[in-house]
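K.L.:
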Amino acid sequence: MSDNETFKGYRGAALDALKNFGVRVWSDVDVQTTRGEFKGIILPRSETADDLHVVLKLRNGYNVGLAADTITEMRSSDRPSSDAAINLINATKTAAESDIAEVVVCMFGPTSDQYDLLHRGTRVRKMHSSYRSTFRTIGDIPLAMVGKDGFNYFRDDYKKRRNDKNVKINTAFEEKVTIVYYYPNMQPDIIDALADNGYKGIVIAGTGLGHVNKPLYPALKRAQEKGIAMYMTVQTLWGYVQMYVYDTGRDIMELGVIPAANMLPEVSYMKLGWALGQTSDLNKVKDIMLTPIAGEITEREPHNGYLVYQGGIPEVEEFITKYWK
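In our numbering, each residue carries its 1-based index in the sequence shown increased by 11.
Below you can see the structure in the form of structure tokens.
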């Protein structure tokens, strides 16, 4: 059989797998990771890279035993400014040589082609539509940087490689889960429609410390009575849900909405789907949701875990002139 015949249909199958990461794909990863004689897995992905690795990481828990790198490119490989090659090279280096046994995103660090950063899968987010250094670790710092000179580890609390390959991927997942991004004058019929259409879980991205307006309260009460799991995250991304501070937050908790600590909205959505796939008991779902599994909840936000500089002010402009190229 010729090479062309051997790989006939490969592109279509590969694209299908990358676009539809369902139970079958995770099962294949399980089998290949257990049986294969290799040191890591590289998963190419684009817009939803920060969702894909969350699914893989939560479904794996920490029982991976090897590196699983998600990579993408902000500039396609036919462009002079493409970051595709360096991302692929560094992801391969990470999968083959690093001692990290977690799901990470390997993407550009600085604006120049110097090195990539390894972001923990459950704390990373794409923060710019076209900037090459768009992926950022939110509320924490990356695990490491990787470049031509090797690895520079920023922390040592990551899971280390094992040789047993005792991989177990839990593919149970409830798909009737959604995110509701709160906005002023949101009408209660949105929550009612989700409840009436059989949704099992709702993640709310609320304002401030985790709030919505009072007209939504009756709909939240009806959702609670139907046994829908509801969790609150914050639109700010950085920081913790703190619903005990104001009356509004405490009232919302009485309606069955549970604070999701400092999980990112998309991460909370993926974890809730995974939790509901394990059990329909809402108390057990709560235990799963509020128990850190893969670094999605952190005990604190370090002083260098929130760095959003405001352009225009003198000290920032002075800093930029030193490093901008």
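The beta carbon of each residue, even a glycine, is placed where N, CA and C say it ideally should be.
Note that this is a predicted model, so its numbers are computed, not measured.
Under three-state DSSP, which class holds Pro121?
P.N.:
coil
K.L.:
Can you name the start and end residues of the alpha helix (DSSP H) that Lys6 belongs to?
P.N.:
In the structure as shown, the chain starts at 12 and stops at 336, and residue 6 therefore has no counterpart that could be examined.
K.L.:
For Tyr334, which three-state DSSP category applies?
P.N.:
helix
K.L.:
What are the residues that DSSP puts in a beta bridge with Arg147?
P.N.:
Arg136
K.L.:
Given this structure, state the Cα-to-Cα distance separating Asn174 from Glu265, to the nearest angstrom.
P.N.:
48 Å
K.L.:
Just how far apart, CA to CA, sit Arg134 and Met274?
P.N.:
8 Å
K.L.:
Could you pull the start and end residues of the beta strand (DSSP E) that Tyr255 belongs to?
P.N.:
No beta strand (DSSP E) contains Tyr255, which DSSP labels as neither H nor E.
K.L.:
Excluding sequence positions up to five away, which residues of its chain have a Cβ less than 8 Å from the Cβ of Pro229?
P.N.:
The residues are Pro199.
K.L.:
Given a threshold of 16 other Cβ atoms within 10 Å of its Cβ, counted over all protein chains shown, does Asn101 qualify as buried or as exposed?
P.N.:
buried
K.L.:
Are the CB atoms of Lys337 and Val191 nearer to each other than 9 Å?
P.N.:
Examination of residue 337 is not possible in this model, given that the chain is present from 12 through 336 alone.
K.L.:
Tell me, which residues are paired with Asp127 by DSSP?
P.N.:
Phe119 and Val157
K.L.:
Secondary structure at Lys171, three-state DSSP: helix, strand or coil?
P.N.:
If DSSP states are grouped into helix, strand and coil, Lys171 belongs with the strands.
K.L.:
Could you tell me the boundaries of the beta strand (DSSP E) in which Ile215 lies?
P.N.:
Gly212 to Gly217
K.L.:
Okay, do the stretch 241 to 251 and the stretch 204 to 222 touch, 3+ Cβ pairs below 8 Å being the bar?
P.N.:
yes
K.L.:
What is the DSSP secondary structure of Met274, reduced to helix, strand or coil?
P.N.:
Note: Met274 maps to coil in three-state DSSP.
K.L.:
Use the C-beta contact count for Ala305: other C-beta atoms within 10 angstroms, 16 or more gives buried, fewer gives exposed.
P.N.:
buried
K.L.:
From the DSSP output, which residues share a beta bridge with Thr189?
P.N.:
Ile213
K.L.:
Taking the beta carbon of Arg131 as the centre, do at least 16 other beta carbons fall within 10 Å, making it buried, or is it exposed?
P.N.:
Buried: at least 16 other Cβ atoms inside 10 Å.
K.L.:
What does the alpha-carbon distance come out to for the pair Asn208 and Gln235?
P.N.:
15 Å
K.L.:
Quick one: what does DSSP say Phe184 is sitting in, helix, strand or coil?
P.N.:
coil
K.L.:
For Ile239, name the three-state secondary structure that DSSP assigns.
P.N.:
coil
K.L.:
Excluding the five sequence neighbours on either side, which residues of its own chain have a C-beta within less than 8 Å of the C-beta of Lys333, listed in chain order?
P.N.:
none
K.L.:
Let me check understanding here. Comparing Cα to Cα, which of Asp160, Thr182 and Arg311 lies closest to Ala272?
P.N.:
Arg311
K.L.:
Starting from the C-beta of Leu318, find all residues in its chain whose C-beta is less than 7 Å away, skip the five residues before and the five after it, and write them out in chain order.
P.N.:
none
K.L.:
Is Thr247 helix, strand or coil when you go by DSSP?
P.N.:
coil
K.L.:
For Ile5, which of helix, strand or coil comes out of DSSP?
P.N.:
This structure does not reach residue 5, given that the chain is present from 12 up to 336, and the question cannot be answered.
K.L.:
Check each candidate in Met197, Lys170 and Leu205 and name the one with the smallest Cα separation from Glu186.
P.N.:
Leu205
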